[in-house]
Each structure stands twice: as structure tokens, then as C-alpha cells.
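Notes to accompany the following structure.
Residue numbers (the numbering used here), protein chains in the order written: chain B, 28 to 144; chain E, 80 to 741.
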């Protein structure tokens, strides 16, 4: 059971495999000539990867900020609501009653001074 | 094969064969995955990782005309607990203290109930146990600071989920008028202006980054999100507060079932206050339950007499100087008695005086002989006065007024004479007010409005223009006569109890019996409709109090008219009167002291700022607390106040300054 393979061809393909494994094709003049372009492409891809990473961290940062913003907004609205409620005449009246203050019976008068705008 | 030679041909052939097989199998698999499974996998990946997602639009705010925020969207929090995350040591160390703190913060459970609830969740290793819903931010922070939940969520297992809800910063004020928009129910301005307020959600392709984080994939939207616009209402927060206060006080005092107050600007029809309060079933508290002013139609009672007399004047069938004998205070038509509230009547008085005293017999005796044979003439005039129409207010659910007609199946011989004093007719408080406003406005009937303007990012995009419903409901002379009578009602008529010399008012009382046919559900409705100041009407107002406790009081002049007066006085106090420009000695004196005090204040401020910037404590003695707080807070201090008045002493500790006032 002998396989009839041309010894020459077998040697040829063996050499080719060796060449690939050895990596000598890297020094091939075509590759050397295009090295700047290859570097340029590599640079571009690095920038693209870096950009994507930044975008992701931006998104994470934004979503954290949004949570914080909502918290602040909620806190602000609560304080504002309390202030508004405390500022109504009804609650000022109630609180100032303890001090013996009552609302005036007359409307305020606006005094205009000559020369005032 | 004892000596292995890597250069041997056989070995090389084997290697090449092996690599080729590997390559082919990979290529084959690649082909299978990309072309056979490919389309399905791509679709699945897209669904998970790449989605066209909604970019929600934020809902617009509702403002009062004086710039106060009436409704806005606010985040609220739902707290869940992943009990499986917590270790036993932590649990045992903190559970008792936490349960006690929670009972204080979330009183729906007692401390021991909280303790056993938390323990139960912990033992069951629940991953999503409910702690509380709809907490405000500060409330949520307080819960998050209890011992068990304080710290990173990976240790405590506390999960806070955020959701947006509507908040009315002024609490219960005008709650019903502002309303709500929920999937199951809608009411008020939130519903009427829903389309303007809500905006449109946008859509955009986004890529998932794990968790709930999404990265936009393109710089443009598939559909741009459009935030909702703001609505500015005609309501004035201060006037609304005054109306609410006056109404609440009276409802409580007379134990009434419900009531409403509407305040309207005479020239424009803009509603400055609309308060509706009803008794909470099974409770003594009052809250905004329904918009009675817009929805509830009842028999107006005596406030309607003004319309009856005006119709008579317009037709020329009566004159305010006609003399009528009101004694004995009873007038029988078809076997039914028209009674005066004053037993025995008022004797021989003019028609004008009958209106001032609200004499039922006087009005009926004057009008009935003129219209008994021709009721259509009276009814037609009612239509002309605009009494048969809706006011067209921008709130859903306005009731249609009801005016009986001859030929109706419930039209009796007594229908017309009872209409003269406001029975058989049905109208809402707002419709009655629209009519009174027309009288105050010299006969021009304008539509009431709650909408002042629409604003988009600070820019007004649309504004209300006064809508005239009826340029002249009656002749000028007749309107003046009615105005004169309405003023006299407050000076010497049924409402003389609210007279004050600081503000002239005009209006008509109405005490109306409800369900007079049924002794079980009988009750009263006290109302007052009018305007102020009487000599130059600025505002018209209606007060309706439904079912006051009869033993405490039910007459309109006692129950409803004081609410009108209180509101009128409050509004009057809010409106500064401009006196003639000051001259001479006075003006000089005021100007001098004004500029003097401004100068010293500027100087003192500068000295204080210099001291603060140099890191010293400034001398604030004698400063008004407000000035001191403003200055110190600008420089990053926190202030604690003690007492009232001006600053006497200030002490500093780090970034906190205590101001002692006196």
C-alpha cells in the first residue's frame, strides 16, 4: 500500500509551509514597501477603538449624571414646594399670629418720587 | 519510529493534511454559521444589543399667571431589597436599629413588624422585596441612611428605581382645576392641555453596553424628541390661596358639604382663582374632590332675580320704581305659595327695593302679571342674556344650563313665576358668574378662561385673547340701574353685614332650598355673586356653599357673603394703590432718607465682603436677617437663625454661622 506521491512536490509544499511558519514573508519587499500604509491603517483602527471606548465611558458617565441630576431636581423641587407653601399668605398669617401680627386692612400705597423711573 | 525527524517528509505531509482539514472544517463551519444560521442570529443580536429606542419627551409644566409653579414632573423612587446580597453578620448587627428607624420613616409598619418583615425576606433570600413606593428623594435618602441600608448597594442590596410623577408644589391649592392625566382617569387642565403638555417621544438607534446603558449609534434621531410646552394658567397663586382659605374657613365653620369660589377678572374673563372643596366621606377634612364650579348645576335661587329684573327692564314691562305691596309676605299662584323669608313681607316697596331685600313676593308680583300670558317673551330674553349657553371654559365636563320652555312635559302654571326667583332653572356657578361679570363689564359678556398662554422653552408661542360672547346683553341704562341696585344690596340690602368703608362691593345673595320636595334630603345652598370695587369693577366673584348645617346658619348673607368679602379684601390688599407723585417737603425727606439708607447699605455690604474675603467674620449687627443670609450664603456659609428681627449677634463655627436676632 504505497502512496505514489511525487517526492518533488511534497518537498515543495513542505518548504512553503516552513516558509510561512518561519515568517520570512514579512521581509518580502512588497510588504516592506507598504509598511507606512499598514502602520497608518493600524493607527486609524487604534483611534477607532479608543473612540468607541470613550463613547462607552461617556454614556456611563452621562447616565450617572442623569441620576444625580434627577436627585438634585427632586431635592430642589421639594425645597421649592416647601418654600412656596410657607410663603403663601395663609401660612405666613398662621405663623405671624403668634407674634400678634394681623393683615392690614388697607392696600399698600406706592409713593412715586419725582425723578423716579 | 524511534528517531523522530521533523524534516521527514511523512511527518510534514501529516501536518499539512491536519492543518488543511482544520482549515476546511473551520471554513465549512464559517459558511454554515454565516449563511445558514446567519440571518436569525443577526436578528436576535439586533433585538438584544441594537434597538431603536424611545427617547422620552419631558412633560411641560403648568404655571400660575404670577409665575408660580403649579404642576411639574418630579422623580419619585420605589425601593426594593435584594436580601440575598446581605451577609448574616451585617443582618444581625443592624436589624433592630433599622426596624426602629423604618417604623419612624415608613409608619405603615411598626418596628416589630418591620423587623419580622425584613427577617422573613432575608431568610427567604428574596431578591426583589418591596420596601416602599413613591418616595420623594429626601425620604428615599433617609431610608438609605438607616444602618442596614447605608453603604454600597453591593453590600446592602438596596435597589432604588426611579419613575416620574406629577407634583403640585402648592399642595392642595387648585388641585382639581389643575387636574391630572392618568391612563384610567383625567381631569382639569392637565387633561384639556394634554396634547400641548406632553410633547412627542423621539426614536433613535442605540446599542446596549450591558446593564441598562445604551449608547446612541448615529448622531441623528430617527424621530426627534419634542419636549412638551408649558401652560400658563390665568390663576394667581396668591388669590387662589386667599380663596381657598376663605372657603375652607367657612365650610368648616358651617359644617357644609361642599362649596366653591371663583374669582374672575372683569375686563378679560381671566379666572384668577377657582377653589372647590368638598367634605371627604367619613371624615371632617375638606379637599378638592370635584370641580363644582364647572360641573355642578343647581337651581341658582335668588341670584337669578337680577336676571329676571333685567329682563323686565329690557322689555319695558317693569321699572325699578314700580311700587308693589309685598304684605302679607305670601302670594298664592295655582294653590302654591310664594313666601318671603321675612314673615309678613316688607309692606309697600319699589321693585328696586324688592331686589335689595330679595323679596320673592315683590319680584313675582311685579313680573307675573306681565308675562303670565306670554311666557315665551321671558324665555326668549333669557337666551338673549346668554343664560342658556355653556361658558366654554377649557375644562372638560361643563354642564349645560337648563331652561324650561312652555310645552315641556314638566311645564306647569307655576313654572314661570318660580323661575323669577331662580327655581326650575339650572346653571353652574361659573355660568352665573359669567352673567354677573357681564353686568360688571357694562353689559359686555366675555368668556371665562383658565388659559393665559403657552410657552416653549421660555418663549410665548400662543396667548389668550379675550373672547366676547355677547357685546351687549342689555342696554347701557338698564345695566347701570342693575349695577346701582347691586351696590345698594351691600350698602343697605340683604348683604349689608359685609359692608366696609375701605372697599366698595356690589352683589346679590341667594339662599336656595335644595330638594324642597323631599323632607329627607332637604337642605340649603347659600350663594353670593358680585364684583368689586363697585365704582370701577376689577374682579367679579361667586361663592356657593352647599348644605351648611342648618342649626349653625344657612342664610347667604351670613354664610356665603363673608367669603366674598374676605376674598375681595385680600385681593384689594394685594393691589398697590399709586398715589399722586409726592412733592415738596415730604418727597425730599423720603428721597433723602432713601438714598442715604441705600448708600450706607452699599458701604456696609462692601466692608462685610472685604472682611469675608479676608477670612474674617464681618460685623453684621443691625442687619436685616434677609440681607445677612443672602450675603453669607453667597460666600458658602450655612445659616442657622434664632429669634426674629435684626441681627444682634453672629457666631461662626467652620462653615456654619448662627445669627441671633432680636
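Don't be surprised by glycine CBs; every beta carbon is placed ideally from N, CA and C.
*Closer than 9 Å by beta-carbon distance: list the chain B residues that pair up with residue 234(E), in chain order.*
Near residue 234(E) there are no residues of chain B at all, since even the closest Cβ is about 19 Å away, more than 9 Å.
*For residue 752(E), collect the residues of the same chain with a Cβ closer than 8 Å to its Cβ; drop the 5 residues on either side in sequence, then sort them by chain order.*
In the structure as shown, chain E starts at 80 and stops at 741, and residue 752(E) therefore has no counterpart that could be examined.
*N-terminal and C-terminal residue of the alpha helix (DSSP H) that residue 77(B) is part of*: 62-114
*asked:* Taking 8 Å as the cut-off, does the segment 386-395 of chain E touch the segment 541-561 of chain E (at least 3 CB pairs, one atom from each stretch)?
replied: yes
*DSSP state of residue 188(E), grouped into three classes?*
coil
_In the DSSP output, what is residue 230(E) paired with across the bridge?_
DSSP lists no partner for residue 230(E).
*Just tell me which of 593(E), 611(E), 434(E) has its CA closest to the CA of residue 399(E).*
434(E)
*Would you decide whether residue 144(B) is buried or exposed? Buried here means 16 or more other CB atoms lie within 10 Å of its CB.*
Note that residue 144(B) has pLDDT 47, beneath the 50 cutoff, so the model's placement of it is unreliable and the number below is only indicative. It is exposed - the Cβ of residue 144(B) has fewer than 16 other Cβ atoms within 10 Å.
_Per the DSSP calculation, residue 609(E) is bridged to which residue(s)?_
586(E), 620(E)
*asked:* So if I threshold CB-CB distances at 8 Å, which residues from the segment 308-337 of chain E count as touching chain B?
replied: 316, 317, 320, 321, 323, 324
*asked:* Within 9 Å of any Cβ in chain E, is that where the Cβ of residue 46(B) sits?
replied: no
*Quick one: list the residues of chain E neighbouring residue 92(B), beta-carbon separation under 8 Å, in chain order.*
Per Cβ cutoff of 8 Å: no residues; residue 92(B) is ~12 Å from chain E at best.
_Per-residue burial, residue 155(E) [other beta carbons within 10 Å of its own, 16 or more giving buried]_ = buried
*Which residues does DSSP pair with residue 240(E) in a beta bridge?*
157(E)
_At the level of alpha carbons, what is the spacing between residue 557(E) and residue 402(E)?_
18 Å
*Supposed contact pair residue 337(E) and residue 625(E) - C-beta distance, whole angstroms, cut 8 Å*: 5 Å
*Taking the DSSP output, what are the residues bridged to residue 299(E)?*
DSSP lists no partner for residue 299(E).
*asked:* Going by C-alpha to C-alpha distance, which of 579(E), 495(E), 432(E), 673(E) sits closest to residue 572(E)?
replied: 432(E)
_Between the CA atoms of residue 201(E) and residue 320(E) - distance to the nearest angstrom_ = 48 Å
*To the nearest angstrom, how far is it from the Cα of residue 237(E) to the Cα of residue 346(E)?*
57 Å
*Along chain B, which residues have their Cβ under 7 Å away from the Cβ of residue 249(E)?*
111, 112
*asked:* Short of 7 Å Cβ to Cβ, which residues in the segment 215-241 of chain E face chain B?
replied: 215, 216, 217, 241
*Between the C-alpha atoms of residue 285(E) and residue 86(B), what's the straight-line distance to the nearest angstrom?*
11 Å
*Establish whether the CB of residue 739(E) and some CB of chain B are separated by less than 9 Å.*
no
*CB-CB length for residue 496(E) against residue 417(E), believed under 8 Å*: 7 Å
*asked:* Counting only beta-carbon separations shorter than 9 Å, does residue 74(B) have a partner in chain E?
replied: no
*Those residues which DSSP pairs with residue 600(E) across a bridge*: Answer by DSSP bridge pairing: none, since residue 600(E) is not bridged.
_residue 111(E): first and last residue of the uninterrupted alpha helix (DSSP H) it sits in_ = Here residue 111(E) belongs to no alpha helix (DSSP H), and DSSP marks it neither H nor E.
_Beta bridge counterpart(s) of residue 547(E) as assigned by DSSP_ = 525(E)
*Which residues in the same chain as residue 135(E) place their Cβ atom closer than 6 Å to its Cβ, once the five residues preceding and following it in sequence are excluded?*
280
*In this structure, what does DSSP give as the bridge partners for residue 410(E)?*
417(E)
_So residue 246(E) contacts chain B; which residues on that side make the cut at Cβ distance below 8 Å?_
104, 108
*Check the Cβ-Cβ distances between residue 55(B) and every residue of chain E, and say whether any is below 9 Å.*
no
_Helix, strand or coil at residue 439(E) according to DSSP, with G and I counted as helix_ = helix
*When you compare only the Cα positions, how much space is there between residue 91(B) and residue 98(B)?*
11 Å
_Is the beta carbon of residue 462(E) closer than 9 Å to that of residue 378(E)?_
no
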